[in-house]
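For the sequence shown, the working numbering assigns the number 8 to the initial residue and increments by one for each residue that follows. By construction, the Cβ of each residue, glycine as well, lies at the ideal position given by its N, Cα and C atoms. Below is one structure, written out as structure tokens; the observations come after it.
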Amino acid sequence: MEEKQSPQLTDQRKKDHLDLALQSRMNALQADERFYYEPLLSGHPSHSNIPETPWDGKVLKNPIWISSMTGGTAEAVVINERLARICKAFGLGMGLGSCRILLDSDQYLSDFKVRKFMGDQPLYANLGIAQVEQILLQEAWDKIERLIERLEADGLIIHVNPLQEWLQPEGDPILHPPLQTIVSTLQNIKAPLIVKEVGQGMGPESLEALLKLPLAAIEFAALGGTNFSTLEMKRRPAGNTGEYDNLSRVGHTAGEMTRFVNEIVSRLGDQVKCGSVIISGGIKDFLDGYYYMQKLRFKSVYGQASGFLQPARKSYDALYDHARGQIDGLQMAYGYLRVR
Ligand SMILES: Cc1cc2nc3c(=O)[nH]c(=O)nc-3n(C[C@H](O)[C@H](O)[C@H](O)COP(=O)(O)O)c2cc1C
């Protein structure tokens, strides 16, 4: 404190203010009009003012989910370990990337086996709807039970990605409506289930059907961030994407899905059986996350995939700083911002 008041520092600060003031003007058009800013109602948060979120018998200390990403490459081991350690450090939850590669072999198990770094935080295995459909057709449900057991996971995420599978050069066919496969999975496995897209989101009929099911959560994986239709088209031979470029623009943003869920939940009342929503897909930062969590009239946390991937590829420290920044920013938002 004394240090902050020293004459030299005060002098430097005043000089900085004179030097920088003219370069630090804000155009009113840049105002973030999603929030009321209420500076009178809180001191600087000195300890967490962020509510904890109960999660299927566990707790998320901060309402942030690391969305499913990787496994099956050399880099994945390091990335997954860093992500898991961050979950433990900050009390977050995490979905693993597709664990398909583990269904019939343990060769890549160590890429995904992160429970020892996670502590008791929620950790979910992940499979695509096409693989779950095959398991259904073979009545091989024990493969899923064993997968969850081997990973010491809490449950399973199913990603429903018909556009990605269709555009992927080596993609798998989806033979039946995913809803049927999801209902059968709920009937045949005991572990909690989360259903997500992979970056196009879902429309109101799909959301309504899912909200009526006893899922642990729906993850939006909305349009507006990482886009796997675009990504798969980039993987096509000779960049032959022309005909299908338009498909990458089809889908629903997190804002639109938030409105859909609010309307559905208020109409369905007790018929809603799903427990939570993970608001994800194009969530840039804690302000986006805070905004949608406040807008959604349903238990929710927010999720990021690429937002965590970039620092996770650099170093644990970079990832730590990213997570710390999200949480400190969220504390300020809870203190001073009300959604309009
Ligand atoms: C490198 C990478 C790999 C991904 N792999 C999977 C996956 O295996 N399974 C899955 O459900 N989603 C996967 N996703 C999709 C993300 O979970 C998420 O839904 C999507 O990236 C949108 O979030 P974002 O905009 O924050 O990146 C992946 C995303 C990235 C960036």
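*Hey, would you say G258 sits closer than 8 Å to L230, going by beta carbons?*
Yes, these two residues count as a Cβ contact at 8 Å.
_Nearest-angstrom beta carbon gap, L154 and L109 [assumed within contact, 8 Å]_ = L109 to L154, Cβ: 6 Å. Contact.
*Indicate, with yes or no, if ligand 1 has a heavy atom lying under 7 Å from the CB of M76.*
Yes - ligand 1 has a heavy atom lying nearer than 7 Å to the Cβ of M76.
*Going by the C-beta, is T355 closer than 7 Å to any heavy atom of ligand 1?*
Missing from the structure shown is residue 355; the chain here goes from 8 to 347 and no further.
_Whether N56 touches Y343 by CB criterion (8 Å)_ = Taking 8 Å as the Cβ cut-off, N56 and Y343 do not qualify as a contacting pair.
*May I ask you to report which of helix, strand or coil DSSP gives V257?*
In this structure, V257 counts as coil in the three-state DSSP scheme.
*Please state if the CB of K68 and the CB of F97 are separated by a distance shorter than 8 Å.*
Yes.
_Between which two residues does the beta strand (DSSP E) holding Q15 run?_
No beta strand (DSSP E) holds Q15; the alpha helix (DSSP H) holding it covers P14 to L27.
*Measuring CA to CA, which of Q145, A81 and F124 is closest to L90?*
Checked all of Q145, A81 and F124; the closest Cα to L90 is F124.
*Just the C-alpha distance for Y115 and A160, rounded to the nearest angstrom, thanks.*
Near 16 Å, if we compare the C-alpha coordinates of A160 and Y115.
*Using 10 angstroms around the beta-carbon of D328, count the other beta-carbons present and answer buried if the total reaches 16, otherwise exposed.*
In summary, D328 is exposed, with fewer than 16 beta-carbon neighbours lying within 10 Å of its beta-carbon over all protein chains present.
*On the three-state DSSP scale, how would you describe S96?*
Checking the displayed sequence, the identity of residue 96 turns out to be Ala instead of Ser. DSSP places A96 in helix when its eight states are reduced to three.
_Pairwise C-alpha distance: Q194 and L103_ = L103 and Q194 have their C-alpha atoms spaced approximately 23 Å apart.
*Cβ shell of Q338 (< 8 Å), same chain only, five flanking positions each side left out*: Cβ within range, chain order: P52, S55, N56 and I57.
*Return the bridge partner residues of Y43 from the DSSP annotation.*
Y43 pairs with R345.
*Taking the DSSP output, what are the residues bridged to L200?*
BP columns for L200 point to L163.
*Examine ligand 1 and report whether any of its heavy atoms sits within less than 7 Å of the Cβ of A312.*
With a threshold of 7 Å, the Cβ atom of A312 counts as near ligand 1, since some heavy atom of the ligand is closer than that.
*asked:* For ligand 1, is there any heavy atom lying closer than 7 Å to the beta carbon of H166?
replied: Yes - ligand 1 has a heavy atom lying nearer than 7 Å to the Cβ of H166.
*Considering only the beta carbon of each residue, do G310 and W72 sit closer than 8 Å?*
Taking a C-beta distance under 8 Å as the contact criterion, G310 and W72 qualify as a contact pair.
*Curious, which full-length beta strand (DSSP E) runs of at least 3 residues does the segment 265-300 contain?*
DSSP runs (the beta strand (DSSP E)) wholly in the segment 265-300: 283-286.
*In this structure, does DSSP put E226 in helix, strand or coil?*
Look at E226 here: in three-state DSSP terms it is strand.
*Range covered by the alpha helix (DSSP H) that runs through S137*: The sequence given here places Ala at residue 137; Ser does not occur at that position. I136 to Q145 is the extent of the alpha helix (DSSP H) around A137.
*Is G336 closer than 8 Å to D292 when the C-beta atoms are compared?*
In this structure, G336 lies closer than 8 Å to D292 by Cβ.
_Sequence-distant residues of its chain with Cβ nearer than 8 Å to I201 (five each side left out)_ = Within the same chain, and ignoring the five residues on either side of I201 in sequence, the residues whose Cβ sits closer than 8 Å to its Cβ are G102, Y131, G162, L163, I164, I165, L222, A223, A224, I225, E226 and I285.
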